[in-house]
Every structure is written in C-alpha cells, then in structure tokens.
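Numbering (the UniProt record's numbering), first residue to last: 1 to 454.
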Amino acid sequence: MHAITLNKVNYSIDGRDILTQVTQQIKIGERIGIIGANGVGKTTLAHLMIGDLSADSGEIFINGRFIYVPQLVVDDSNRSGGEKMMQRINESLNNQPDILVLDEPTANLDMTHQNWLIKRLSHFYGTLIVISHDSYFLNHTVQKIWAIHEQHVTVYNGNYQDYLAKTNLANETQNHLYHDAVNKKKQLQRAMDKVRTREKQVTKRPKNISPSDARLISGKGNALKTQKKLGQNAKTMARRFSELEKIDKPHVTKPLKLQTVAGQNYKTRTILKITGETVKAGNRALLQDVNFNLETGERLAILGDNGSGKTTMIKQIIQKYNQPVGYFTQNLSALNEQKTVLENVLLKSSQLPQLARDFLGAFGIKRDMALQKVNSLSGGEKVKVLLLQVLFTDTQLLILDEPTNFLDLLALDALTNFLTHYNGAVLIVSHYKDFIDAVATKKMRIQSQHLMTI
C-alpha cells in the first residue's frame with residue numbers, strides 16, 4: 001500500500017511554476033530524502049503532500065496520520081536553537097504518527113544530538129520524509145532520494161551517497177558523449193567541406209570550352225554518376241551532423257563568488273576585546289571568566305554543545321558593543337517580511353542597489369525576485385536574504401549564529417568565499433565542521449563553563 005500518492009500535481013506561486021506534472025508514490029514505511037537548491041519547492045512539496053497547500057491541478061492521496069516538523073519556528077524562549085528543535089522532534093516521535101515529515105531537522109543540532117536523532121529514527125517504523133542539505137544525516141536515515149530540479153522530481157534508489165554516485169556517473173557519461181560528438185562533428189565538417197569542393201570540381205567545366213565539348217571531354221554519364229554519389233554522401237553526413245547536434249552539453253553549475261563590499265577597508269586592529277566576562281541566563285551562570293580578542297581579518301569560531309551558552313554569550317557581547325554589528329540570528333527576526341528582498345538587503349547599508357542585485361544574483365535570487373516581498377520566499381531563500389543584509393551592514397564586525405542552516409551547497413560556497421576575503425572581524429557559531437575548517441582562523445570551545453582555545 002501507499003502512504004502518499006501524487007498524480008500529475010502542478011503548483012505555482014504568483015505566476016511562477018514551482019512544481020510541474022509531479023507523479024510519484026511513497027510506500028508505507030519508506031524513508032524518503034527530498035533534496036534540491038533553495039527555492040525549488042522542497043518545503044512546498046511537503047506542504048502539498050500533507051494537505052497544508054492545495055495543488056493548482058492534479059491529485060494527492062494521503063493514507064495515515066501525519067506530523068510535520070517545520071524548519072523555521074519563531075520562539076522567543078531562552079533555549080538554544082538546537083534545544084527547541086530537539087523538543088519539537090521528540091514530541092512528534094512520542095505521538096507515533098503514521099507519516100513523519102522533518103524539514104531541515106539537523107539545523108542547530110550538535111553532532112551528539114544528530115547521532116541521537118539518527119538512532120531514534122532507526123526505531124521509527126512509520127513513513128519518514130526528510131528535507132535536508134545535510135549529507136551525513138541523509139546517508140544514515142533514508143533509502144530513496146527525491147531530487148527536485150526545474151520543477152520536476154527525479155527519484156533515485158539509495159541514500160545521498162548513492163545519489164551522488166549515480167548522478168556523477170550520469171554526468172561523466174554525458175560529458176563523454178558530448179565531447180565525443182564535438183570531435184566527430186569536427187571530422188564530419190572537414191569531410192563535408194571536401195565533398196562539396198569535389199562536387200564543385202566535377203560539375204565545373206574548363207574555361208573557354210563550350211558545354212557540349214565539356215560533356216564530350218569528361219563523359220556525361222560518369223560526371224552525373226559522380227555528382228549524384230557525392231550529393232548522397234553530403235546528405236548522409238549532414239544527417240549524421242544533425243544527430244550529433246542533438247546531444248546536449250552537460251549542465252555545469254558555475255560556482256558562486258562574492259567580493260568584499262566596497263569601502264570596507266579598516267585600519268583598526270583590535271575590533272573586539274572581551275575580558276573577564278561572565279555569561280548568565282537569568283541568575284544561572286553559563287560561562288565564567290571569558291577572555292578573547294578579535295582583530296581585523298580574524299575569524300573566530302565558537303564551538304560547544306547545544307545549551308552550553310554560545311548564543312547567550314554573543315547576545316551579551318552585542319549588548320555591550322558600542323558600534324554597529326552585522327548580526328545573523330537563528331530565527332530570522334531581523335527580516336521585514338512586508339518589504340522587498342532588495343529593501344531588506346539594503347536595510348542597514350549605504351551600498352548601491354546594483355551591488356545588492358549583483359550579490360542576490362550570486363546567491364541565486366535573480367532578476368524580478370529582488371522586487372518580491374520576503375514573505376513570498378522559501379525558508380532557505382529567507383536565510384540568503386538575511387545573510388546578505390548582514391554582509392552589507394556598515395560595520396567592522398560580523399557575528400553569525402548558525403549561518404549555514406538551510407543553505408544549499410552553492411550558497412554555502414559563496415558565503416565561505418566572502419568570509420575568507422572579508423576585511424573586518426568575524427565571530428561564528430556553527431556545528432558545521434567543514435565550514436568552520438574552511439573559514440575560521442582560530443577556534444575556541446565551551447567546556448565546563450569556560451571558553452578555551454583549541
């Protein structure tokens with residue numbers, strides 16, 4: 001039996017096609033990973049499947065009781081982002097739904113809690129649907145990948161690693177076919193040119209000789225036969241050339257590159273100095289005797305388990321810092337959802353709109369999307385807008401609390417490139433090891449209520 005059936009489902013937003021003719025089935029007990037770039041429709045597809053949205057056309061059938069755990073929830077409590085996510089997932093699993101849909105469940109989770117979740121899900125016997133960019137998590141939880149690209153869903157058996165192997169093999173095969181076709185087209189073109197030259201020579205009569213004399217010299221029958229054969233050869237080559245032109249060039253995604261915003265050239269050496277700081281949550285001490293300096297060009301990564309005090313510490317630092325700060329928060333509260341994308345990016349910046357458009361394009365938010373209101377965007381697209389708002393802030397200090405959550409791989413590469421060339425100072429909280437290794441110039445970890453250099 002099937003838990004969910006989709007039959008020729010179409011969905012659009014403001015005239016923009018999001019999903020087209022999606023026809024798929026999910027068997028009871030299957031474990032599906034939904035992947036794709038930000039804004040392609042992953043969360044939209046989940047909302048359609050569970051009935052929160054209505055398709056423009058097509059049919060959707062749901063068999064069983066479902067629970068959906070969203071990716072972005074505004075919660076003003078003092079708990080960490082990881083603690084909030086764990087509570088929502090825990091409550092959902094305890095309710096034992098037939099169908100469980102998790103949207104970016106590893107956001108804000110440290111590795112200890114990620115592994116706990118993987119183990120807990122291994123004992124969940126219902127139908128599991130996971131939307132994620134986390135390759136580690138997908139490899140340990142799903143049996144099938146749904147990849148959304150250009151409004152369509154393509155299904156791959158296996159986990160994320162299997163998906164990569166299959167797509168890489170397909171790309172290599174297509175690349176080989178394309179380059180082989182290019183070489184054969186060059187050879188055919190040369191052969192066609194020779195045939196056409198020969199054909200002209202056969203039909204061309206010598207100068208100062210009448211047509212009748214030319215036929216007598218060359219032999220009318222032989223000339224016509226040769227001309228006909230050459231013409232047939234030319235047609236065969238042209239047909240083969242046309243067939244080779246139908247072999248598509250492999251799709252190559254260009255890496256996104258950002259340049260440091262103009263005018264951010266700082267002469268100040270020490271940007272941030274913290275001495276003997278105590279970090280508290282209410283009356284409870286989380287950290288004691290916190291000491292560190294952050295200078296121009298430095299990027300400090302703060303590591304630690306969920307609930308150890310990372311977010312509380314940076315909020316306390318911002319309250320005491322007497323200069324503008326580019327602060328990325330986990331709950332996206334700095335966005336004005338009623339303003340356009342472009343207005344949000346420039347909200348705290350003196351930069352020109354064209355530069356903002358260039359950056360938006362590099363992050364995959366192109367053309368007219370810059371003039372859409374933020375409330376029309378996907379969760380991942382909102383993260384991109386907020387990141388650009390933060391990067392464009394007229395400041396010497398960026399403080400980024402879990403900036404990689406919900407970002408697709410291209411946007412993550414763009415952020416990494418920007419930060420490694422940033423002229424100011426950066427303070428980062430993240431559980432994404434590869435990102436930290438690529439960006440941080442120094443690291444500190446919270447252990448036993450103390451911040452220690454590692």
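Ideal Cβ positions, reconstructed from N, Cα and C, are used throughout, including at glycine.
Val341 sits close to Gln372, with the two beta carbons spaced by under 8 Å. For Leu272, the three-state secondary structure derived from DSSP is strand. Assignment of beta-bridge partners to Gly307 by DSSP yields no partner. Counting only runs that start and end inside the region 374-454, the beta strand (DSSP E) elements of at least 3 residues fall at 397-401, 425-429, 442-447 and 450-453. Ile131 places its beta carbon 8 Å or farther from that of Thr44. A direct Cα-Cα distance of roughly 7 Å separates Phe406 from Gly379. Under the three-state reduction of DSSP output, Gly51 falls in the coil class, being neither helix nor strand. Secondary structure remark: continuous alpha helix (DSSP H) runs of at least 4 residues inside the region 112-200, in chain order: 135-141. Per DSSP, the beta-bridge partners of Glu295 are Thr270. Taking C-alpha positions only, Thr5 is separated from Val155 by approximately 14 Å. Taken atom to atom, the span from the alpha-carbon of Glu59 to that of Thr141 is near 28 Å. Between Met111 and Leu352, the alpha-carbon positions lie close to 41 Å from each other. Where Asp358 is concerned, the enclosing alpha helix (DSSP H) starts and stops at Pro353 to Ala362.
For Lys27, the closest of Ile446, Met1, Asn336 and Thr173 by C-alpha to C-alpha distance is Met1.
With a contact defined as Cβ atoms closer than 8 Å, Asp98 and Phe124 miss out at about 11 Å. Met452 and Lys273 have their C-alpha atoms some 15 Å from each other. Residues Ala285, Leu287, Gln288, Asp289 and Val290 of the same chain have their beta carbon placed closer than 8 Å to that of Thr278, with the five preceding and five following residues left out of the count. Per the Cβ contact rule, the region 14-21 is not in contact with the region 353-366 (fewer than 3 Cβ pairs under 8 Å). Within the DSSP secondary-structure output, Gly326 pairs in a beta bridge with Leu398. Linking Gln338 to Val385 through their CA atoms gives a straight-line distance of about 13 Å.
Taking 8 Å as the upper bound for CB-CB distance, Gln161 and Asn139 are in contact here, some 5 Å apart. Asp394 places its beta carbon 8 Å or farther from that of Phe328. Where Lys8 is concerned, there is no enclosing alpha helix (DSSP H), although the beta strand (DSSP E) around it starts and stops at His2 to Ile13. Distance check between Leu398 and each of Leu300, Asn306, Asp305 and Ala37 places Leu300 closest, using alpha-carbon atoms only.
Thr106 carries a coil assignment under DSSP once its states are collapsed to helix, strand and coil. At least 8 Å separates the beta-carbon of Gly326 from that of Val429. Ile32 carries a strand assignment under DSSP once its states are collapsed to helix, strand and coil. Closest by C-alpha distance to Arg269, out of Ala425, Asp52, Ile13 and Ile32, is Ala425. Contact annotation, Gly39 with Glu381: C-beta distance approximately 5 Å; criterion of less than 8 Å satisfied. In this structure, the alpha-carbon of Gly41 lies about 34 Å from that of Thr312.
At the C-beta level, Ala37 and Leu48 stay beyond 8 Å of one another. One Cα belongs to Glu172, the other to Gly158, and the distance between them is close to 20 Å. According to the DSSP secondary-structure assignment, Glu277 is paired through a beta bridge with Val290. Check the Cα spacing between Thr275 and each of Ala281, Gly282, Asn293 and Asn283: the tightest is with Asn293.
Apart from sequence neighbours up to five positions away, the residues of its chain that approach Val9 with a beta-carbon distance below 7 Å are Leu19, Val22, Leu48, Ala55, Gly58 and Ile60, ordered along the chain.
Sixteen is the threshold: since fewer than 16 other Cβ atoms of the shown chains lie within 10 Å of the Cβ of Ile454, the residue is exposed.
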